[in-house]
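Peer 1: After the structure tokens below, expect a handful of questions from me.
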Amino acid sequence: MSENFRLDKGGLINRNKKISFKFNGKKYLGYEGDTLASALIANGVHLVGRSFKYHRPRGFFGAGVDEPYAIVQMNRNNQVDPNVKATEQELFEGLEAKSVNCWPNVDFDIGAINNFLNKFFPAGFYYKTFMWPKSFWHKVYEPIIRKAAGFGTASIKHDKERYEHKYEYCDLLITGSGPSGLASAYAAAQNGAKVILAEDKSRFGGSLLTSEVTIGNQSGQEWSQKIISELKSMPNVIVKNRSQVFGYYDHNMLVMSERISDHLPKSEKYTPKQRLWYIRAKEVIISSGSIERPLVFGNNDTPGVILSSAAKEYLKIYGVLVGKKPLVFTNNDSGYETAIEFKKNGIDPIVLDTRKDSNSEIIKEAKDLNINIKFSYVVVTAKGYKKVKSADITKISDDKKNISTIENVNCDCICVSGFWTPTIHLASQSGNKTKFKEEIDAFIPSQSKQKETTLGSANGIFTLEETLNTSFEKGNDLSKQITNKENKISVPTVVEKKYSKHDKFWCVPLPKGKNYKRFLDFQNDVTVSDIQLALREGYRSIEHVKRYTTLGMATDQGKTSNLNGLQLVSDFENKVVPQVGHTTFRPPYTSVSIGAIVGREIGIHSKPTRKSPMHHWHEKNNAVFVDAGVWLRPRYYKHGSENLFEASKREAKNVRQNVGVCDVTTLGKIDIKGPDSAEFLNRVYTNAWLKLPVGKARYGVMLREDGIVMDDGTTTRISENHYHMTTTTAQAANVLSHLEYYLQLVWPELNVNVVSSTEQWAGAAIAGPKSRDVLQKLFPDLDVTNEGLPFMGYREGNLFGVNAKIYRISFSGELAYEVNVESDNGNYMWEKIMEIGKEFNIQPYGTEALSTLRIEMGHVAGSELDGRTIPYDNSLDGLVSKKKDFIGKRSLNKTAYVAPDRQKVVGVVPLDKKTSIPEGSYIVRDAKAKLPNPKLGHVSASCWSVEYDNPFSLAIIKDGKNMIGQKLFAMSPLKNKIIPVEIVSSHYVDPKGERVRS
Amino acid sequence: MTLISALNHIHKKGLFGNHENKNEENLLKVSEIKNLLIVQIVQYKSSTISFENIDIDSLKLKNEPLSVVNNNDTRILWNGPKNWLLVSAKKNLLKSISENFKETDFAVTDLSHSRAIIEIEGQDVKEVLKKGCPFNFDILEKNNSINSTYNGIAFTVDMIDNNPDKVRLFALRSFGESLYHSIADACLEYGYKSL
Amino acid sequence: MLYIKCPHCGLRSQNEFSYGGDATVKRPELNKEISDQDWDNFVYLRKSPRGKHLELWQHISGCRQWIKVERDTLTHEIFKTLKANEEL
Amino acid sequence: MQKYSVFSLIKNAFKGHKDWEVAWKDPTPKTEYDVIIIGGGGHGLATAYYLAKEHNITKVAIIEKGWIGGGNVGRNTTIIRSNYMHDENGLFSEFGMNLWRNMSQDLNFNVMFSPRGIINLAHSDAQMNVYSRRGNSMRLNGIDAVLLNREEVRKIIPMADFSENVRFPIFGGLMQPSAGTARHDAVAWGYARQADSMGVDIIQNCEVTGFDISNGKILGIRTSKGNIKAKKIGLCVAGSTNILAEKLNMTLPIETHLLQACVSEPIKPILDNVVTFGAGHFYCSQSDKGEMVMGGDLDGYNSYSQRGNLPTLQHVLTEGIAMFPFLSKLKMLRTWGGIMDMSMDGSPIIDKTHIEGLYLNCGWCYGGFKATPASGWTFAHTIAQNRPHELNAGYSLNRFSTGHLIDEKGLGTKTWIS
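Chains as they are written, first to last, in our numbering: chain A, 1 to 998; chain B, 999 to 1193; chain C, 1194 to 1281; chain D, 1282 to 1699.
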């Protein structure tokens, strides 16, 4: 395939390196340094895709991030990449891309039928129809609309690329490497400031790469490359290309996405595809330049209609002609630069200037070059379907209201220039209240909210001389304040052409009887008539207009359409633009890959995992793990082909009959020291703590201030002023913060230190009638008799050379001990317990068996203490001190909390003693009552009682105290279950608690 | 052997990541540090004792953010107001600390087993840290320490040396393997040698 | 990510902190008679102004101290940070 | 009023769409109204509509500071559901579901209610049990709910992460098949258009600066467009409730927080349902335009700024990729934030106040959009009858004193913990 539109020389591409690539299955050639867009244009390809609503042919409109059309589907590194802008994608060997939003192909697209029916699809048409018959919206119309929408196709395969993050700090962050960015960066760097200079494109220099200016005695391009190479060599400067600063957040934090590998055929193994930089900058310089505005005329979306600056960029950077018979349609001098560039390369352009006459330097130059210039001329409509073939042009009256006879001129592209819109997005995101600048018909930044300064054309300054002067000065001033150094450099002299005033005209009137579509938002197919319709219907706020018509809501976020939309609204409403105001600019400035935002916290590492020192023993012994917060705990240990139910029953039964051991390392542990510790505990817990003897433990419940149970656990008095508190696994972190809150803010007079010691200790609960035998053998020197180590007693011991702490506490309701050793010894302890316990038939048990054991004992846990229950609900009345005050006490006298029929925890047994009651079932009186069926309460926890070999559940039900003995129903409609049940005491096994004291 | 350290199961020796065609000496070095004494010392709010006069392994406490007072064996990290974390190779120091810091004025808590410790050394150490922690590491100098978080895991950074950079990272022991994974993963781009 | 000056540690990023809400709410003293209304006001009522807001944060992954922060809830500008025992 | 239909659309097409009437007028305020609704969001517009339709009260004004539909009805993730555990929430929301089902026809405005089903994923047996509790409660309240196992979930959303190397495996999920989405802006516009046609004055760009109260009775409001008298005034300004409460010398059990959401660039249909991640806070659906609509956590501190910070979104999207790995390759196109009334038990307040003639509708937390019709209907009833309807009786202001809290999540007053 030959490149018919590539010039023989010129451009910044590497002509020594040819690159082959495929578009829509067809092979093409380009050069290193091309974008996919420039390479396609070089090959004469202008039809890239179809528009959103009408499926009209779409080509290229820009040359960068503002591109509204050229969205393709890529295949890179054996992976699918949807929605890639061809204007941003650099060419690499073997690149494969195809068109989107068209079927069967971009040349012949069935969806284009919409275009012929377009009169039935004005803005918001769907709000007015598709309402009959009722079910048809969801069943018929919507599926069709859904199918037609969307661009690329996502693969459901996992993304194999690496995305990394980096947090960086600097004195000055400068966004954009055009003249203002380079000058300010250079000045600041000279003062020793730490500077980050970010450039979205692959090449540095911005407008200097394509403008005909002289700085010092160099061309703009040479000067920019000299400055960049100097900056790169300075240790205090980070210079990044392919890096878009897309968000300006609070406290001067900005976020930048760096495309590290997107321009390469594949990513190196350990190199990220993209890196997201979180940058905290002391000062920010926004030098993001400006974007050319389109002129609006009939069928101005036809492929071949292109921004004049883009046409110039394709010529000067890529050596590519967007057409060979160009029409330049402009309301200002910029169009002439493009025209002259064509002319220099042997192509004769026609310039249509909307102005009556103008005689600036550049127009003179164009005249001298014999360029055909038609003043007071406009394009009425582009002709051609998949590519511009000609244009209807005409003379326009001075007041721009009347057009004269239509002439048709042959052309293959129309380069439009409607003057320039400053890129103020970042300033606006930072909170800057923007202001409208009449001279340029656009908004520029005004009062800074954060530490931000906007320079150059982003600030509405379009002469290079002023840009460089202010930028050198600002760069110097801002950095001087930070570094206290000044190494001022003199501003080079500039030679540039003086421009004449632009024409405020931007939208060509329709000729009589013609109804050409004049597009504002090219991707979303929003036309002038759509906006007018919205306004006629009363959608008059700019936000209403945007939402009703979808103006500016496409993937380009209105970079080329918003301001023209505003013009139209203000014309129609007879207001001036600043009164209409613009819609809010929000990050991101341009779309950012979600993979990059997330970074490396994916897959198994999407959240950290906590493991006990015995974790690897559990793993080796067939433990099946369960998440407890971010901890992993053994749920059960699988023997052979056992399932969860069988294994947990075996484990629980073994605890009841022999002895079991459970890893309780995950329980929160808080080391409490200080002279006021007892007083503090007395305030924190609902029960009394002042008289707990040294060497004894006590069970405690703590509340939130609203009276709801926060957590429970045992606390042991290790010595006079030293306590060891345990919390539930789930609440450990919250409890520590809660304690610190009261110690630091509420009762600073208390001298108490709290510190988490969860990780210091590995814990094993040894439970079951034979646990004392195991303990005796583990600690031969210790008196483990009921007298020597009574229930709720605490001793220290020596476990085969390792210091151990032994607490006689029980969650299972059996005779039980918790042994703690320092974590490095955890595995050693565990293996010793297993070894010693062998003769007593010891088995490890997991959380499922633990649940069974606690449920049949009626011990409340997380499923009852669910953030909605008070102590009374959980039959913890005995633990609520009447005598002293404590956190949350004052809330317990609320009407609902002291109501005689207040809910309470009870036991539930199925009448048939066979049918398990699913957790989450509800207790009702009448299983057949009509809905809504009044509920008495819910089943909070269920188990298979190993003691009685039948199902048993806990439930929290209304008037629970008086319900015992009643025969009711447990209902789980989700599982189609209605189970006749009897309400019993929640203490199903050993109601007097004799075993723990045995 | 009874002791099993926090990272025993995950820390494997070898060369990893982008190490090919690079001088092994210039690679990052990653190791697990074990068997240190770690003690939290906190002075109670009402205590009037002047902690500056108390000697620990010839070191004096300093109530100043970032500060690490140190000698060859022992480093005392500022952990908060009148709150320090003493880290020492001298395991027997605990006894003298408990004696010198009376329990009426100080809470002394042995946390030796509560941390997993990773040491990394090399030119790119700060780059590795910047991947997961928003702290401004440009200001962290030799004998500075901070508490912060790395990819959501609370950790302590103790900067031991700066030519090349050498830091010790402490995480709660149960998070050790997750932090190790995160740090090792962040090192892959530069290549690292696991010692 | 907010940048909060911990009065103990210095400027740190928000991810080291956890939010603690309104700092002007004062817990009634222990054992003191108090009306239901006053107690409920303490537990449930919030001023939540648009503008300056004195609030609590805990430097949870730092020095673990609870601090007070005077912040604008509209602009997020932080005017002042205080130790637990300091008042505005 | 002009009727919208396919016929009117065709008819107008041939006239170049020149004859469409305004959807609502732009009146200047009268000196007095029977009822003033402050807040031209979804709830305020719906309240005015139901006042007119159900109670024949048409001398009504809606006073809106900015443009109607500019609050949370214009910045949500469009999800409509009634999958609540507590009876008060469930019955209220299910009543609303019936209004949603008929809304397009009722309003003669296509709000695109799309009952595509919502699935709450569970990642452990314990979570399956928690969902069972909720689902059973729904079923006993007459609300549709299905408990799905892993394989059943896989059949519906095969693009979720069912692979081995996953931190939070999918155990199953709770599905409400009749839940879905609606076009949020259309809801506001549809209510506005009908209310306007029945005589309600929609007054935009009018800020309330104060209240006239005498002897404990409301007399009127002061606004940037002058003083307006009214017999009754309803506050419908979720997000800004505390600002107006301050002018009324009221302190409420509400904090104002920011919730962010975002959309990806549009892609071809891949996800039909609304899906929520169970091991955190992330939810996702695909709009008719093809954008993935995503949201999750609060930013976590009091905020009135309709802009958030990236780390919250990073956190939310991390969970997004954990649920749907394909999201990694998509691009985040647009982000926005909405400020909301976080009440101290997570449930709303629709009630009278101690000031006669002043009514309160607030505290919607994250759940305001789906509640729009039921909230408007019950608030209209409360205002018209001067007493709550049984559907909103539980949403009383004094429940914080009596202890009849409606806490779906069990998190209590720390609203920022998610």
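Built from N, CA and C at the ideal position, the CB exists for glycine as well. All figures in this text were calculated on a predicted structure; none of them were measured in a lab.
(1) In terms of residue numbering, what span does the alpha helix (DSSP H) encompassing D/A1665 cover?
(2) Kindly identify the DSSP beta-bridge partner or partners of A/K1015.
(3) Kindly indicate the opening and closing residues of the beta strand (DSSP E) around B/Y1148.
(4) State the Cα-Cα distance for the pair A/M1 and A/I13, rounded to the nearest angstrom.
(5) Grab the span of the beta strand (DSSP E) containing A/S1043 for me, first residue to last.
(6) Quick one: measure Cβ to Cβ for A/K838 and A/L778, integer angstroms, because I've assumed they're closer than 8 Å.
(7) Please list, in chain order, the residues of the segment 607-640 of chain A that have any C-beta partner in chain D closer than 7 Å.
(8) Just reading off the beta strand (DSSP E) that D/I1338 is part of, what are its end residues?
(9) According to a CB-to-CB cut-off of less than 8 Å, which residues of the segment 166-184 of chain A neighbour chain E?
(10) Is the beta carbon of A/E848 sitting closer than 9 Å to the one on A/V908?
(11) Which residue marks the beginning of the alpha helix (DSSP H) containing A/T467, and which one marks its end?
(12) Run through DSSP, which three-state label would B/C1185 get?
(13) Cβ atoms of B/A1169 and B/V1126: under 9 Å apart, would you say?
(14) Under the rule that 16 or more other beta-carbon atoms within 10 Å means buried, what is B/G1012, buried or exposed?
(15) For B/Y1148, which of B/K1089, B/L1026, B/K1128 and B/E1139 has the nearest alpha-carbon?
(16) Any beta carbon of chain A sitting closer than 9 Å to that of C/G1255?
(17) What three-state label does DSSP hand A/T716 in the structure shown?
(18) Anyone know if the C-beta pair for D/T1359 and D/A1463 falls short of 9 Å?
(19) Applying a beta-carbon distance threshold of less than 7 Å, which residues of chain B neighbour C/H1201?
(20) Could you check which residue in A/N77, A/P326, A/G64 and A/N658 has the C-alpha nearest to that of A/Q89?
(21) Distance, Cα to Cα, A/Q532 vs A/V569?
(22) What does D/G1287 touch in chain A if you count any residue whose Cβ is under 7 Å from its own?
(23) Just to confirm the assignment, what range does the alpha helix (DSSP H) spanning D/H1465 have?
(24) Within 8 Å: the Cβ of A/Y499 and any heavy atom of the ligand NAD?
(25) Taking only beta-carbon atoms, is D/E1600 less than 9 Å away from chain A?
(26) Based on Cα-Cα distance, which residue from D/G1619, D/D1569, D/I1602 and D/K1311 lies nearest to D/L1611?
(27) How about A/Q760 and A/S823: are their beta carbons less than 9 Å apart?
(28) Roughly how many angstroms separate the alpha carbons of A/P422 and B/I1151, rounded to a whole number?
(29) Should D/H1662 be flagged as near chain A, meaning a C-beta pair shorter than 9 Å?
(30) Excluding sequence positions up to five away, which residues of its chain have a Cβ less than 6 Å from the Cβ of D/R1356?
(31) Taking a cut of 8 Å between CB atoms, which residues from the segment 968-994 of chain A lie near chain D?
(32) I think D/N1523 touches C/S1241, with their Cβ atoms under 8 Å apart; what is that distance to the nearest whole Å?
(33) Counting beta carbon pairs with one atom in the segment 1426-1438 of chain D and one in the segment 164-184 of chain A, are three or more of them shorter than 8 Å?
(34) Between D/K1346 and the rest of its own chain, which residues show a CB-CB distance below 6 Å, the 5 nearest in sequence each way excluded?
(35) So what does DSSP say about A/D671, is it helix, strand or coil?
Peer 2: Quick look at the numbers:
(1) G1649 to Q1666
(2) Nothing about residue 1015 of chain A can be read from this structure; chain A reaches only from 1 to 998.
(3) S1143 to Y1148
(4) Low confidence applies to A/M1: its pLDDT is 44, below 50, so where it sits in the model is not reliable, and the reading given next is rough at best. Distance between the alpha carbons of A/M1 and A/I13 is about 19 Å.
(5) Only positions 1 to 998 of chain A appear in this structure, which leaves residue 1043 of chain A out of reach.
(6) The pair is not a contact, with the Cβ atoms about 12 Å apart (cut-off 8 Å).
(7) K607, V626 and D627
(8) No beta strand (DSSP E) holds D/I1338; DSSP gives it neither H nor E.
(9) Absent from the structure: chain E. Protein chains present are A, B, C and D.
(10) no
(11) L464 to T483
(12) helix
(13) no
(14) exposed
(15) B/K1128
(16) no
(17) strand
(18) yes
(19) P1063, G1078 and P1079
(20) A/G64
(21) 8 Å
(22) The sequence shown places Val at residue 1287 of chain D, not Gly. Chain A residues near D/V1287: T129.
(23) H1465 to S1478
(24) With respect to the ligand NAD, the structure offers nothing, as it holds no ligand at all.
(25) yes
(26) D/I1602
(27) yes
(28) 42 Å
(29) no
(30) W1617 and G1619
(31) M971, S972, P973, L974 and K975
(32) 4 Å
(33) no
(34) E1488
(35) strand
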